[in-house]
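**Student:** Numbering (the UniProt record's numbering), first residue to last: 1 to 78. Glycine included, C-beta positions come from ideal geometry on N, C-alpha and C.
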Amino acid sequence: MKGPINNGYPNELWSTYRVSEIIRKEFGVTYHQDYVGTLLHQLGFSYQKPKRRALERNESSVKTWKTETWPDIKKSRE
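1. Would you give the residue range spanned by the alpha helix (DSSP H) that Gln-33 belongs to?
2. CB-CB under 8 Å to Leu-13, same chain, minus the five flanking residues each way: which ones, in chain order?
3. If you follow the alpha helix (DSSP H) that Glu-59 is part of, which residue opens it and which one closes it?
4. In this structure, how does DSSP classify Val-29 when only helix, strand and coil are distinguished?
5. Along the chain, where does the alpha helix (DSSP H) that runs through residue 156 open and close?
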């Protein structure tokens, strides 16, 4: 199956509404978006929300903070 962008949506996120629209277009069957969620759950799919991350995020700074700064802060609290 093509992703959401290839199906005309502005981002790579699937929603039950979007899936119900694809089902309607591809198979001519209409399901309510809540029922699509139930169907997807029965098929083993689960709701997943992407993690929010700052666009300015500097991975090396984050790693340094986690491995050096945070342990120092943690030690000073003990």
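**Tutor:** Let me lay it out:
1. The sequence position of residue 33 within the sequence shown is 33, counting from 1. That run of the alpha helix (DSSP H) goes 33-42.
2. Position 13 of the sequence shown, counted from the first residue, corresponds to residue 13. The beta carbon of Leu-13 lies closer than 8 Å to those of Pro-4 and Pro-50 in the same chain, with the five residues before and after it left out.
3. Looking up residue 59 in the sequence shown gives position 59. 59-64 is the span of the alpha helix (DSSP H), which, as asked, contains Glu-59.
4. As a first step, residue 29 is located in the sequence shown; it is residue number 29 there, counting from the start. Three-state DSSP puts Val-29 in coil, outside helix and strand.
5. Because the chain in this structure spans residues 1 to 78, residue 156 falls outside the shown range and cannot be described.
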